[in-house]
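Remarks on the structure that follows.
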């Protein structure tokens with residue numbers, strides 16, 4: 577018999593950005609179920625922190641590296657990327673993950689996504705790559721440009 581048994585406490589705390597995006601994803605799912613737009617899902621300031629090349633890319637590594645550290649700012653009616661801004665009319669679309677990522681010929685696990693569904697914010701933005709923002713399982717978003725998936729990490733407040 578073991579007499580040295582103590583209760584363990586398990587921390588359920590998650591990093592702030594993960595919690596905010598998780599709440600945004602849940603909100604987006606509820607909004608989708610209710611038939612409204614997913615306009616609030618990606619609102620905030622985001623930084624490009626990394627990338628993964630797709631099977632075919634028009635971009636080289638040096639160009640992809642030059643995107644790291646650049647910011648994307650999304651508010652209720654626009655997206656700003658560098659010196660360019662475009663108007664948005666975002667809506668949330670839910671896709672089967674296997675089909676969606678299969679169209680890009682990439683394993684979703686390489687992007688940090690393991691779910692059966694993928695939530696995509698269709699922004700309506702005309703800036704290259706920013707017409708669709710994918711909500712990933714690990715709290716990031718990503719976009720696809722010239723054969724490269726760029727990861728967006730939410731900035732701390």
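In the numbering used here, the protein residues as written are 577 to 733.
We put the beta carbon where it would ideally sit given N, CA and C, even for glycine.
All of these numbers come straight from a predicted model, not from anything done at the bench.
| Asked | Found |
| --- | --- |
| Let me confirm a value: residue 647 is counted as buried when at least 16 other C-beta atoms fall within 10 Å, else exposed. Which label applies? | exposed |
| With a 10 Å radius around its C-beta and 16 neighbouring C-beta atoms as the bar for buried, classify residue 716 as buried or exposed. | buried |
| Expressed to the nearest angstrom, what Euclidean distance is found between the alpha-carbon atoms of residue 671 and residue 682? | 15 Å |
| Measuring alpha carbon to alpha carbon, tell me which residue in 725, 704, 627 is nearest residue 662. | 704 |
| Output yes or no for whether 8 Å exceeds the beta carbon distance between residue 618 and residue 709. | yes |
| Residues bridged to residue 643 by DSSP? | DSSP lists no partner for residue 643. |
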